[in-house]
């Protein structure tokens, strides 16, 4: 009995000494800030920064390879936190961007050319005659972008359209790449006037395919400040660099132009904290 | 007794009796012909006519756009109405030469005249086949002259003339074998001469005894021909499956029939090659089966390339009332059509119209790992695993499981109790892998 206890205790001591020595000799010097920065990052591993995940970006920031404002998903809040860790001042980066799906062709207003029965994925659906809508530019409504969004900012409306919640959107841009129709754009989150159509079809053809299509009548161009809205190949396009008064939306005979605002007040800061802060 | 078959496969309802007894009838000239510039696999053809030009029947209107491409010829005489995008039976709108027939149907000078074929050497035959715009008429529309030009060092010793016609409903090849067996045999001889082959197997499924008898009659007294009565199993007419069933040779993964010394050509291709070489008639028409319970009078139609689906259906008495689906090709590998404004091409072997109650609408469920698709896959792939990978967008893994060897025959989808859209998954995976940059090594 006694022999067993002593033997085990002795073995334990020897092993502990070995481990303690090994920890000293083979210790790897790491900057403690890397872990702090990684904790400050959103942790969604979305890849929007170009690094494989948040730990990759944390290492790059601490090593000085990229700037502290390089997490598009985290935005201002995260940049300020990282600035504190790194002991530098954050001078403010580019403005916050949010995604928007430029299509208003829900099942109620856009006509379909056949019954789609295949894989529930937009890119797969687009392989079959370009999708089931007459409009070859429109949202296919199968929710590939909603499924890929790391922040749960995209929801599918009952009419088969994807809608981005600008408060939850962090601007990582994953949805932009996932859309086979390339109708999701990154725009400054503060802009409120949007033209929800991507169809370059001529007016008559566009109207035939969808009740909410832009027919390039040009009314909004006249109502908006000069240059803020232009017609590009039968489609009115917003220049997001310019401020557009909200009443321009009322000018559109096709109800293509919408005003979309971020929620205000307390809701807004809660959402910002949820989307951009360290969770 | 030799078993003429391969691994896997299925036995769908063949439904060929609707049109197999109907003799081919020539279709009257439609009001407009839509001749696509992408009639073949490979590079699209380049138009050499413009709006307002007048053309003669058989005149070349588009030249080959590369080596793997074939020229396109005017199916009749008339005026070029437009060269523009038109609805296309295989996908997005496609550039087409639209011809308004003048009703005279006049051949171009030098066309449609008999010329001697004795003494033509291999290069001359290949040239005439290329100039005739001949492509594989089994459906894949691979330019025939490319198949006849194996690279140095590849020796081909067996030509298989494919008259299996395993796709349900279709009877175009069946009628061709009954009505023009000698043209097929002559064409097969030309194709064999072009590659220096002396053994020719004409493979026909057993469910066409009259076609087998007709072909046997046509090859009587000629050396080197065998008419094989193949087992009736889908996809017996698929190239690699047919090669194995006939010769026992296995085409390696990612390889071509020429790797095992075999060339496969459809019966229609052989007949078209004969016409092009012997009579200088380019490929401007073919037999199309218009069938199914959704059409009033199912039958086989000799129609010109560019005839709109709507005209074809109209010619067979129109829709039978409750038509729910129109398929370009057969029900296994064909493509359902959103528009009847699309027109037939060189590779269009049939138009199948299904009633609304036959064209089931269902959505696929999750894979239950029952393994039926694994037993049915004639390529010995694991469709279950591949479809699950594709569903999760893991295309690299799908590629590891050899999705690129899938022939899209649809056997897996046919037997799937969960009704998964298998082939759609595989097409997506293949498209993604083709887009992805090739890995080194």
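Protein chains in written order, with this note's numbering: chain A, 15 to 293; chain B, 26 to 466. Even glycine gets a Cβ: it sits at the ideal position worked out from N, Cα and C. Keep in mind the model is a prediction, meaning the values are calculated, not measured.
- Counting of Cβ neighbours within 10 angstroms places residue 368(B) among the buried residues, the total reaching 16 or more.
- When only Cα atoms are considered, residue 229(B) and residue 189(B) end up about 4 Å apart.
- For residue 456(B), at least one C-beta of chain A is nearer than 8 Å to its own C-beta.
- For residue 452(B), the nearest beta carbon of chain A is closer than 8 Å to its own beta carbon.
- Just measuring C-alpha positions, the residue of 114(A), 142(A), 173(A) sitting nearest residue 127(A) is 142(A).
- In this structure, the beta-carbon distance from residue 269(B) to residue 41(B) does not fall below 8 Å.
- Rounded to the nearest angstrom, the Cβ distance from residue 198(A) to residue 115(A) is 5 Å, consistent with a contact under 8 Å.
- DSSP, read as helix, strand or coil, puts residue 72(B) in strand.
- With respect to the 8 Å criterion, residue 320(B) and residue 306(B) are not classified as neighbours on the basis of their beta carbons.
- Two segments are said to touch when three or more pairs of C-beta atoms, one from each, lie closer than 8 Å; by this definition the region 433-451 of chain B touches the region 379-390 of chain B.
- Counting along the chain, the unbroken alpha helix (DSSP H) around residue 422(B) starts and ends at 420-425.
- The alpha-carbon of residue 345(B) is positioned some 25 Å away from that of residue 330(B).
- Residues 151, 154, 155 of the same chain have their beta carbon placed closer than 6 Å to that of residue 170(B), with the five preceding and five following residues left out of the count.
- Counting only the Cα atoms, residue 310(B) lies some 19 Å from residue 323(B).
- For a cut-off of 8 Å, the C-beta gap from residue 52(B) to residue 328(B) is around 4 Å, short enough to register as a contact.
- Taking the C-beta atoms as reference points, residue 58(B) is found no nearer than 8 Å to residue 105(B).
- Ranked by Cα distance from residue 132(A), the options 236(A), 219(A), 146(A), 223(A) are led by 146(A).
- Residue state for residue 112(B) is assigned as strand, using DSSP reduced to three classes.
- With respect to chain B, the C-beta atom of residue 127(A) has a partner C-beta closer than 8 Å.
- By the C-beta density criterion, residue 244(B) is buried, having at least 16 other C-beta atoms within 10 angstroms.
- The shortest C-alpha to C-alpha distance from residue 308(B) to any of 394(B), 98(B), 382(B) is the one to 98(B).
- Around the beta carbon of residue 35(A), fewer than 16 other beta carbons lie within 10 angstroms, which makes this residue exposed.
- Listed in chain order, the positions of the region 88-121 of chain B with a beta carbon within less than 8 Å of a beta carbon of chain A are 116, 117.
- Comparing C-alpha distances from residue 247(B) to each of 232(B), 226(B), 255(B) shows the shortest one belongs to 226(B).
- Check the Cα spacing between residue 54(B) and each of 326(B), 216(B), 302(B): the tightest is with 326(B).
- Distance check between residue 120(B) and each of 130(B), 129(B), 109(B) places 109(B) closest, using alpha-carbon atoms only.
- Look at residue 72(B): its C-beta is not under 8 Å from any C-beta on chain A.
- Under the Cβ distance rule, residue 363(B) counts among the residues neighbouring chain A, one pair being separated by less than 8 Å.
- By the Cβ neighbour-count rule, residue 56(B) is exposed, with fewer than 16 other Cβ atoms within 10 Å of its own.
- The residues 153, 154, 157, 159, 307, 308, in chain order, have a CB closer than 7 Å to that of residue 301(B) in the same chain once the five nearest residues on each side in sequence are set aside.
- At a beta-carbon threshold of 8 Å, none of the residues of chain A lie near residue 391(B); the nearest stands roughly 12 Å away.
- With the criterion set as a beta carbon lying under 8 Å from some beta carbon of chain B, the members of the region 110-139 of chain A are 127, 128, 129, 131, 132, 133, 134, 135, 137, 138, in sequence order.
- Rounded to the nearest whole angstrom, the CA to CA distance from residue 187(A) to residue 113(A) is 7 Å.
- For the options 167(A), 176(A), 195(A), the alpha carbon positioned closest to that of residue 182(A) is the one of 167(A).
- Residues of the region 142-158 of chain A whose Cβ lies closer than 7 Å to any Cβ of chain B, in chain order: 143, 144.
- In the structure shown, residue 248(B) adopts coil according to DSSP, grouped into three states.
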